[in-house]
Every structure is written in structure tokens, then in C-alpha cells.
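J.:
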Amino acid sequence: MTEDLHDQFANTNILIVDDMQDNIDVLARRLRNRQATVYEASDATEALDILSVSPIDILLLDVMMPGLSGLDVVKKIRTKRSAAALPIIMVSARTDQAMMVECLQAGANDYVTKPVDFQIVSARIATQLGIRDTYRAALRDRSKQIGLAEESRVRLAEAEAKIASLTGKG
Numbered sequence: 191m192t193e194d195l196h197d198q199f200a201n202t203n204i205l206i207v208d209d210m211q212d213n214i215d216v217l218a219r220r221l222r223n224r225q226a227t228v229y230e231a232s233d234a235t236e237a238l239d240i241l242s243v244s245p246i247d248i249l250l251l252d253v254m255m256p257g258l259s260g261l262d263v264v265k266k267i268r269t270k271r272s273a274a275a276l277p278i279i280m281v282s283a284r285t286d287q288a289m290m291v292e293c294l295q296a297g298a299n300d301y302v303t304k305p306v307d308f309q310i311v312s313a314r315i316a317t318q319l320g321i322r323d324t325y326r327a328a329l330r331d332r333s334k335q336i337g338l339a340e341e342s343r344v345r346l347a348e349a350e351a352k353i354a355s356l357t358g359k360g
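Read in order, the letters of the sequence shown are residues 191 to 360 in our numbering.
See the structure below:
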């Protein structure tokens, strides 16, 4: 079954962070072709600045950058935002298992290697966004449950007060 992927990432804000502009350009062009809104950063400081003011849905983050590394950025982000709230996919030329494990243990959601296979990174982005959406739906449901429980508690207290006043025990 073939599906039209033209608008696969419509209404999705993706931040690509890489110190090599060519790497950003290739990914950004293809993601924009799928209707994503793409933000670009060439270093960790710029990425953190964008994250502080823009509604980013997912982050594609180079591991090896001058200054703060991608690994440092993940650790910094995870002090404020969970892996479910902001998925991070590490992108690296390094294919060694130790680096992949280190990134995942630091809080990255996934890891892809360069050169990036666009079909694979698209599938991984879609998967991470699906997980994030499930997390958000669970939070909304939990919030509704808490609201209903609070309403029930208030009604019970009102009923107990009314019973007490009718029986003269209040």
C-alpha cells in the first residue's frame, strides 16, 4: 500500500542542529517538502535559544559539534523537558555502539547515522511524534480524571454536610 507522504509533517516544528550547513540543507529541504516547519541551528547555543522561544515538536541533533556537543545539549534539555515531551533524535557519522548507548542513556530518544537515509529518519520522526502524541493524550485524560475526582469529592462533602444538617449532627 502506498500512501501520499506530501503532508506527512504538516503542523510539525522540527529543529535541525548541525555545524555543517550542507547537512541541514539536505534534511530541511526534504522535510519542508513534507510540509514541516523547519528551524535551523548551527551550534548548541543557537539551538538552546531557539528551544527557549519556539514551539519545537522534535529535535534532530548532531552529536559532534564544536563547543557544546550534541550530548551536552541533550543533558541540558533533559533537565527541563522529558523525552516524551520533546523527542530528540541524534544524528551522527559515528557508528560505534558506545556512542549510541551514551546518547540514549543521556536522554536521546533515537539515533541515526550519517549519511542520513531519509526514509529511515522520516519513519523515526513519525514514530517519536506518535509516542509524544500518545503521552500528551494520556496527560489530558489524567487531567480530566483528576477534575472528575475533585468534582466528586466536592459533591460528597456537600451531601455529607446536608445529611448532617438534616439529622442534627452538623
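Glycine is no exception: its CB is placed at the ideal position from the N, C-alpha and C atoms.
Please state the DSSP three-state secondary structure of Met-254.
T.: Residue state, collapsed to three classes: coil.
J.: Between Ala-246 and Asn-201, which are expected to be in contact by the criterion C-beta below 8 Å, what is the C-beta distance as a whole number of angstroms?
T.: Per the sequence shown, the amino acid found at residue 246 is Ile instead of Ala. Not quite, the Cβ-Cβ distance comes to about 13 Å (not below 8 Å), so this is no contact.
J.: Beta carbon of Leu-205, beta carbon of Tyr-229: below 7 Å?
T.: Result yes, Cβ atoms of Leu-205 and Tyr-229 sit closer than 7 Å.
J.: Would the stretch 274–285 count as touching the stretch 248–262 if we require 3 or more Cβ pairs under 8 Å?
T.: They touch, by the three-pair rule.
J.: Just verifying my parser: in three-state terms, what is the DSSP assignment at Asn-299?
T.: Coil.
J.: Quick test of your reading: Val-264 and Ala-298, contact by CB under 8 Å. State the CB separation rounded to the nearest angstrom.
T.: Sure, about 5 Å apart at Cβ, within 8 Å.
J.: Would you identify the three-state DSSP class for Met-280, choosing helix, strand or coil?
T.: Here Met-280 sits in strand by DSSP.
J.: Out of curiosity, what's the CA-to-CA distance linking Thr-192 and Arg-314?
T.: The pLDDT assigned to Thr-192 is 43, lower than 50, so where the model puts this residue is not dependable, and the model offers no usable value.
J.: Identify every residue that forms a DSSP beta bridge with Asn-203.
T.: Asn-203 pairs with Thr-227.
J.: Using 8 Å for Cβ pairs, my map puts Leu-238 next to Lys-266. What's the rounded Cβ distance?
T.: Between Lys-266 and Leu-238 the Cβ distance is about 7 Å, and since that is below 8 Å, they are a contact.
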